[in-house]
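Chains as they are written, first to last, in numbering that gives the first Met the number 0: chain A, 0 to 370; chain B, 0 to 370; chain C, 0 to 370; chain D, 0 to 370.
Even for Gly, the Cβ is constructed at its ideal location relative to N, Cα and C.
There are 4 protein chains.
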Amino acid sequence: MSGSSYGKIFRITTWGESHGPAVGAVVDGCPAGISLAEQDIQAFLDRRRPGQSKYTTKRNETDTVEILSGVFEGKTTGTPISLLVRNQDQRSRDYGNIAVSFRPGHADYSFKEKYGFRDYRGGGRSSGRETIGRVAAGAIASKLLSELGITVRAYTKAIGPCTVSENEYRYSEIMENSFYMPNNQTATEAAQYVAGLMSEQDSCGGIVECVADHLPVGLGEPVFDKLDALLAQAVMSVGAVKGVEIGDGFGAPASTGSRNNDPFRIKDGKIYKESNHAGGTLGGMSDGSRLILRAAIKPTSSISRTQHTVNESGENIDITVRGRHDPVIVPRAVVVIESMTAVTLADLLLQNMSSRIDYIKKVYTEDRNVE
Amino acid sequence: MSGSSYGKIFRITTWGESHGPAVGAVVDGCPAGISLAEQDIQAFLDRRRPGQSKYTTKRNETDTVEILSGVFEGKTTGTPISLLVRNQDQRSRDYGNIAVSFRPGHADYSFKEKYGFRDYRGGGRSSGRETIGRVAAGAIASKLLSELGITVRAYTKAIGPCTVSENEYRYSEIMENSFYMPNNQTATEAAQYVAGLMSEQDSCGGIVECVADHLPVGLGEPVFDKLDALLAQAVMSVGAVKGVEIGDGFGAPASTGSRNNDPFRIKDGKIYKESNHAGGTLGGMSDGSRLILRAAIKPTSSISRTQHTVNESGENIDITVRGRHDPVIVPRAVVVIESMTAVTLADLLLQNMSSRIDYIKKVYTEDRNVE
Amino acid sequence: MSGSSYGKIFRITTWGESHGPAVGAVVDGCPAGISLAEQDIQAFLDRRRPGQSKYTTKRNETDTVEILSGVFEGKTTGTPISLLVRNQDQRSRDYGNIAVSFRPGHADYSFKEKYGFRDYRGGGRSSGRETIGRVAAGAIASKLLSELGITVRAYTKAIGPCTVSENEYRYSEIMENSFYMPNNQTATEAAQYVAGLMSEQDSCGGIVECVADHLPVGLGEPVFDKLDALLAQAVMSVGAVKGVEIGDGFGAPASTGSRNNDPFRIKDGKIYKESNHAGGTLGGMSDGSRLILRAAIKPTSSISRTQHTVNESGENIDITVRGRHDPVIVPRAVVVIESMTAVTLADLLLQNMSSRIDYIKKVYTEDRNVE
Amino acid sequence: MSGSSYGKIFRITTWGESHGPAVGAVVDGCPAGISLAEQDIQAFLDRRRPGQSKYTTKRNETDTVEILSGVFEGKTTGTPISLLVRNQDQRSRDYGNIAVSFRPGHADYSFKEKYGFRDYRGGGRSSGRETIGRVAAGAIASKLLSELGITVRAYTKAIGPCTVSENEYRYSEIMENSFYMPNNQTATEAAQYVAGLMSEQDSCGGIVECVADHLPVGLGEPVFDKLDALLAQAVMSVGAVKGVEIGDGFGAPASTGSRNNDPFRIKDGKIYKESNHAGGTLGGMSDGSRLILRAAIKPTSSISRTQHTVNESGENIDITVRGRHDPVIVPRAVVVIESMTAVTLADLLLQNMSSRIDYIKKVYTEDRNVE
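Written out as structure tokens, the structure reads:
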């Protein structure tokens, strides 16, 4: 049921299967007047494109985006922005046992049961290519946020057991290693760890962290559409994500109120928090501090090792999943998590426009000709 | 913006502030023909009622629910079910510094910034009493689920550092201790831990786990309204929750594909998984195994210790938050998490009715008089 | 399925049955900072209250509203506003044949088929009392609109064949006759017409017209949520309404482009239209001219005459619908149509806040402390 | 704000401008297992294609549709169906005064005010080409309805003053004349009428009627999402529609209850109505009789005559709208109205699946493996 859309005002709809003609997205509700060109979106798509390092699938796709509507003379018009990316790698091939068996860790079985049959080519709708639409939409959301000085950036905090602890962050190194980790040394360790798994036809997961800065206070709608709640939906909806946390997250339970509460202080007329265990949200609304979230990503399900499973005829079989798999999907998930965060923030930014009668008066009284 | 509603078909709307006349909920989209009485709902509300142990606030409220609509002759009619709980404890009192200062860890500051002013009485809309509507709605969702044999139950996995590990679960002990833990021994340790904090005017958090059994395969709507994504929103939207995970969750990143993938097997014509690291979801849809989620709950923000903060005049001050606080909110959050899980499952169960043309034909061809 | 809510940002949810304990509404998404008291709402409810003239049902209800949430210190807080009206006239009585037969022109049969059974007391959810929630919400929407100088007013254009033509409008007479017609003379003719029908145990319908002035240009969201489209839904959703038209409406087809197009002109720097066949919308957005809509209301279905029908046992029978019926529902529908128009305009006013990046910058750059 | 989507379960999103690269639609929530091919959709698009008679624009477009997702092996998969139609007639040309003036009767002025600037090429998003997405989606909805034996068909009831009265309907003649009228004689008169207007560089409107048969009883969701209310939104959202009525519509007010009520009768165990003034809805739900609606369509706004207007510099000017205009848009609107009706019915059909617990049990108990 209409599960392919996200957001209330800034609303994205994605579509497309791995081996169909194309994938894409429609972004509705984007305000008019924002500069937007295909290269703005392409820059985001290039960050999730396969084949960029030896740790990602060799599938060769340029993932070139075409803007089909909603932009005129270089600016958004306020009408829906339709984005199209043709699938290039649709070569006809024998799907063999994939077509008639349920791969462990994949959506094959649940898709089959839900819909009665399934598009078995490359995972169909559950393929990682589904995220192309998210990232294209995220690029537009980021443009909107940047108009207000808001920045969002994601990076890899952990690959398997190789974790960058908070006091070792070097943000300048993020773009210097294949894993987008804020520490080249840890990235080197991660590379060795992943290489070992690859030699064993195995895979691993990791943790992506995303931060947003310069948010206005008050984004997020009590009660169910809280900032942290919508971020949790947005991020958990990305395939392979098994957990989401804000601020201290799963570390908070073992803390105490006196340590976990972030004291408010004022300096030069500006309110700030002395610490940020909360990760930038209070009562489900942004609190003016840095927003911090983390996503736990499971090991890639596609591994070349032989595994137990069941086929559609109801027989126990052994399966070997051939093909070009990412031994770790985390580096390519970074821009996806960043995009979903940006989309959520853009939507809540627009929703918040109606929170106060004084804002409404300001817009309509000063800007509008009322007869 | 309309953030007080959740669900697409089975849709709940909650309303009410801590110290206003009442709190309540409207449940729209509940199918007709389900037996429902006030005692069904009251049983759930009694589980979150304050004053049941020395670890919960002494605020004395019976929280008696009244069904105002949507039920006729003991059955749901298909029309909206309006639920009302009068606030009893609205005694006039001096809110003192609370009214003009921002309590650390609370929503005071973000509410003030978002809306321009705030209802400072007992936290207003951000009060824990907001969850009454959720729990009342959850009781109805649970009735619906039980018609299909689906069960949902939540319990406390950890209080501060006192954790029940999976091989120590004794479900029969859940109702035998004040913390709803599946192990009385751990509950005793937790009691000592909490007592220590209370003596220091401090507080702690914990982890709630929720499981659901006997789910049909295929609940959850790709892409954004996946089962796990909506559960993440639903659970994270509960005040004080800072993290949500499904199955192995934040443990998954450090595992490997060969260990983390759950092999399918078939026995007596039924498909099952040999393990359940996934926690009952594949591709964002239920996979027929037990659904398992966990919520990380932060330490209670209201502590009697003196804390740094800022007042509405923009001055740095020290604040002491007086009143009747739960030193740990976790035991009362158990039924709230269970309720949000039930509401999410009920909604996805109904959404899934339209997934296949054969279901649609079945309902309309056999049951309906078509002229 | 969740059909009891309307609006995207300014979102109303109504609940309640004719003979249940109460009826009410929840208004979510109302901006903070608007003055609101129970008397603001009561004034609207009093306009639809029964028993005000001999042409309305004698059912005696004060329809006293209670605000249960969302207002603090006389102003809206931005949180959901819960409104409650207790049903007073729930006297136990014998519903007789109503309970087991399908009244012609009523929803009895379709309710029974849809839900499997029905609340037969006074029409249950399909009773005219369902509109109480709409009117209460409409009062709040009107308060919001009035903050921006927007006015909405409805009146009766026709009772049966007695119609006030446009050149005979005398707005000052609207409140001077029982039918809320802008011409006392026509109202007198209507009174005679209705009296004749009453003596024959019959009923009639009429046409309500609603106008809104001082709207900003551009309200309404292309493509499906156009101003006129949402007004059509809002007004057609009122029981007994069988048609909705904007501007020249059903008169437009027989006109020609050269006559029907409204020429733009400019005077003193302000753009206006020389005529208003369009009724204030162009491309589904407000165009700065007066908004004009009309609703066609069918004759009251409840008549005392004997009618043919079928009972639940599947037998052809004759039915006599006893009780206190309005011989014409039109006068009481006036405030309902006005309320639905106000709610639609309020929602679109808020939706439109996000249409342009310059509005967004204005609100966030000037008003917000961005760290 | 996200106004480009319609429907709750069967949800369509359209996008695209007249002179951009393409127009299209995404249909989300379509059940799996329905046979669907491009020719199913093309057949609908061909009905609205320009250039089919001398009464429609000469713009030459084949409007060839491509299915980009959601169909596998000839059947819908349950995932979003993306539909693409490339614009062929985008020849570069001088838009002249259109680019800087507001055409009377068009959305130019309201678009400019709403969004700050506008895509002036061929009306941009407000172009009639926007309906391509609606019609493509309508074709899919019709396929779904046909699986249950439900039929929907629209035709022209009136062109200007030339009206087919009900006792003159000859349905077999609908496809025999350029206007899709159910009476060739009236069509001939209409042809003469339109020819006269064309010679005067003028245009006219008309009335489209749409009927649906074999609907299950009970489609439509009280209170705001009633069948007639959603049809009103759906149909009024089509450009140029100024009024919508159901059954007797604007004729009902002058009738009386005794004549307007449709008596129920039973024959051979089936309930029917002796008349159908209601047009197939009672209480906003289908009542088992034929659904009947009518849409009033205004005269084409684009006429070659010189008209008064204002330009963007704020000057009063005379404008001549050159180009290839339909002197009457009604014949091409027929399939658009039919499509919007089909989409609405499809959505309500799916929504209604959850109305009763017995349907839910039937689907899940019999069809699903519940562990």
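7 Å Cβ cut-off: residues of chain A touching residue i
i: Gly352/C; result: In the sequence under discussion, the amino acid at residue 352/C is Met, which differs from the Gly named in the question. Neighbours of Met352/C on chain A, chain order: Met352, Ser353, Ile359, Val362.
i: Ala231/B; result: Ala231, Gln232, Met235, Val243
i: Glu337/B; result: Correct list: empty, because the minimum Cβ distance to chain A is about 17 Å.
Per-residue contacts from residue i into chain A (C-beta, under 8 Å)
i: Gly104/B; result: Gly256, Asn259, Asn260, Asp261, Ala277, Leu281
i: Ile245/B; result: Met235, Lys241, Gly242
Chain B contact for residue i (CB, 7 Å cutoff)
i: Thr12/A; result: no
i: Thr343/C; result: no
i: Ile356/D; result: yes
i: Gly248/A; result: yes
i: Leu44/C; result: no
i: Ser274/C; result: no
Neighbouring residues, chain C, relative to residue i (Cβ below 8 Å)
i: Val216/D; result: Tyr108, Ser109, Glu112, Lys113
Chain D contact residues for residue i, given Cβ-Cβ distances below 8 Å
i: Ala147/B; result: It is worth fixing the name first, because residue 147/B is Leu in this sequence and not Ala. Residues of chain D passing the Cβ test: Ile359, Lys360, Tyr363, Thr364, Val369.
Amino acids of chain A, ordered along the chain, whose beta-carbon sits closer than 9 Å to that of residue i
i: Thr63/C; result: Near Thr63/C there are no residues of chain A at all, since even the closest Cβ is about 27 Å away, more than 9 Å.
i: Leu349/C; result: Met352, Ser353, Ile359
i: Ser1/D; result: Ser4, Gly6, Lys7, Ile8, Phe9, Arg10, Asp27, Gly28, Pro79
CB contact check: residue i to chain C, cutoff 7 Å
i: Gly219/A; result: no
i: Arg264/D; result: yes
i: Ser34/B; result: no
i: Ala31/A; result: yes
i: Ala332/B; result: no
Within chain E, the residues that residue i reaches when beta carbons sit closer than 8 Å
i: Gly28/A; result: This model lacks chain E altogether, as its protein chains are A, B, C and D.
Contacts that residue i makes with chain C (C-beta to C-beta distance below 9 Å)
i: Asp227/D; result: Met235, Ser236, Val240, Lys241
Residue range of the unbroken beta strand (DSSP E) whose run includes residue i
i: Phe263/A; result: 263-266
i: Ser236/A; result: Careful: Ser236/A lies outside any beta strand (DSSP E) and carries neither H nor E.
Neighbour list for residue i in chain D, Cβ cutoff strictly below 9 Å
i: Gly268/C; result: Gly313
Residue i: contacting residues in chain C (beta-carbon distance under 7 Å)
i: Asp118/B; result: Phe71, Thr76
Residue i - partner residues in DSSP beta bridges
i: Gln306/D; result: Ile318/D
Where residue i meets chain D, residues with beta-carbon distance less than 7 Å
i: Ile296/C; result: Pro252
Cutoff 7 Å: residue i Cβ touching any chain D Cβ
i: Ala98/A; result: no
i: Ala211/A; result: no
i: Ala21/A; result: yes
i: Val222/C; result: yes
Host alpha helix (DSSP H) of residue i (start-end)
i: Thr340/D; result: 329-350
i: Glu188/B; result: 183-198
i: Ala157/C; result: Counting along the chain, Ala157/C falls outside any alpha helix (DSSP H), though it belongs to the beta strand (DSSP E) covering 150-158.
CB contact check: residue i to chain A, cutoff 7 Å
i: Pro16/D; result: The displayed chain sequence assigns Glu, not Pro, to residue 16/D. By this cut-off, Glu16/D is an interface position.
i: Gly159/D; result: no
i: Met174/B; result: no
At a Cβ cut of 7 Å, what residues of the stretch 176-207 of chain D count as close to chain B, listed as they run along the chain? none
Which residues of the stretch 300-316 of chain B have a Cβ closer than 8 Å to any Cβ of chain A? Give them in chain order. Ser300, Ser301, Ile302, Arg304, Gln306, His307, Thr308, Val309, Gly313, Glu314, Asn315
Could you run through the stretch 123-143 of chain B and flag, in chain order, every residue whose CB is less than 7 Å away from some CB of chain A? Arg124, Ser125, Glu129
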